[in-house]
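In this note's numbering, the protein residues as written are 3 to 285. Comments concern the structure below.
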Amino acid sequence: MDIHPHIISTDTSTYPRAPLFGNQSTWSQERPTTPEQLLQAMDDAGVAKAAIVQASTCYGFDNSYVADAVARYPERFTGVFSVDMVAADAAERIHHWVGRKLTGLRLFTSGSTIVGQAPGLADPRSFAAWDCAVGLGLPVVVQMRTQGMPELQVLLQRYPGATIIIDHMFNAPLDAGPPYAAAEPLFRLVDHPNVYLKLTSVIVRNSHKGLATPESFFRRVVSEFGASRIAWGSNFPATPGSMPELLQEARSALAWASAEDQAWIFGGTAEKLYPALRTEVNA
C-alpha cells in the first residue's frame, strides 16, 4: 500500500492550475502523471492500492482530479483532499469531497514552494473544519516543519481523538547523525497515540545524508512509535525515481526490521488509516 503518491494532468483546461501560495512546484511541471500511469507504476512495483494525496502545489483546494481518479478506479485508489480550513464554508467543502468518496484530509503548511513554515495551522477559524473532520472520522495529514510544533500542540490538546498523520516525518534534517537532535520534536509526539508517521522517500533520502544512517534513525523511530503507527508513502512522482526504485529504497532502509514490522509499515498501517484500501472492501 502507498499512502503518498500524486497525480498531475496535462489537461489544464479541465484541471486548471491553482497552486497554494501562488507557486507551482517544479516536479508537477516536469513529471505529470495520470491515474493510468500511476497504476502502471504501482503494478511495476507490486503495490496493490494507494491513497492519492492532493497535489497542493499544483491544484490548491480543487481536488477534482483526485476525485475523478478515485471514481474511475475505486478498486485501486482512495483519495486525500485539501480544503481552506479557515474559510466560512470549510465544513461544507469537507462534506462535498467526502461525498466524492475521498477518505482523508490534508493540511499543507510547508513544502518545496514555501520558505519555512506557514502560519495559521491552529487558527481558531479552522476549528469548525476540524470539528467536522474529526466528527466524520477522517484521518488528517499535516505537512509541516518542526517550527509549527506549538500550533500542532494546540490541535493535539483540543482534538485528542483526531487521527493525525505527520507527512515526511517533518522532513527533519538528519545529517548530524545520532542522536538526531533536529528530530527531537518528532520523538516528542510518541506520547500521543493518535499521531501516526508517514515514512516517505523524502525522509528515507534524508537518512542517507551526512552522519545519518537509515538503520540508526528508523530503528529508533520504530522502537519508540511502533510499526503500527508508521506507514510508507512513495511521494511518486514528486521524488525523482520510478516507483520500484522508491519502494526498494524504503525496503532497504528497513531491511533490519522484523517481517511483522515491515508488514505494518508497507501495508497494515495504511489499511488501518484508510479502510477503503482493505482488500475485502472492493472484493
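Every residue gets a Cβ at the ideal spot worked out from N, C-alpha and C, and that includes glycine. Treat the numbers as computed from the prediction; the structure is a model and nothing was measured.
Residue i to residue j span [Cα, whole Å]
i      : j      : result
Asp45  : Thr35  : 15 Å
Leu138 : Trp29  : 33 Å
Gln159 : Asn196 : 11 Å
Ser260 : Asp91  : 46 Å
Ala285 : Tyr75  : Because Ala285 sits at a pLDDT of 47, beneath the cut-off of 50, its placement in the model cannot be relied upon, and the following sentence gives the value as read from the coordinates. So the two alpha carbons sit approximately 13 Å from each other.
Ala278 : Ala71  : 14 Å
Residue interval of the alpha helix (DSSP H) (run including residue i)
i      : result
Thr28  : Thr28 to Glu32
Val100 : Ala92 to Gly101
Phe129 : Phe129 to Gly137
Val68  : Ser66 to Arg74
Ala261 : Ala261 to Ala265
Arg253 : Met245 to Ala255
Tyr61  : Ser58 to Tyr61
Pro37  : Pro37 to Ala47
Per DSSP, cross-strand counterpart(s) of residue i
i      : result
Trp234 : Leu201
Asp4   : Ala52
Gly106 : Val82
Gly113 : Ile116
Start-to-end residues for the beta strand (DSSP E) that takes in residue i
i      : result
Val144 : Val142 to Gln145
Leu279 : Leu279 -> no beta strand (DSSP E), and no H or E assigned at all.
Ala53  : Ala52 to Val55
Thr80  : Phe79 to Phe83
Cβ separation of residue i and residue j, assumed to be a contact under 8 Å, to the nearest whole Å
i      : j      : result
Met171 : Ile205 : 4 Å
Phe23  : Thr115 : 6 Å
Leu140 : Gly113 : Between Gly113 and Leu140 the Cβ distance is about 21 Å, and since that is not below 8 Å, they are no contact.
Arg108 : Gln56  : 6 Å
Completely contained alpha helix (DSSP H) runs for the region 199-232, where each covers 4 or more residues
Counting only runs of 4 or more, we get 203-208 and 216-227.
Runs of beta strand (DSSP E) lying entirely within the region 156-203, each at least 3 residues, in chain order
Along the region 156-203, the beta strand (DSSP E) occurs as fully enclosed runs of 3 or more residues at 166-168 and 197-202, listed in sequence order.
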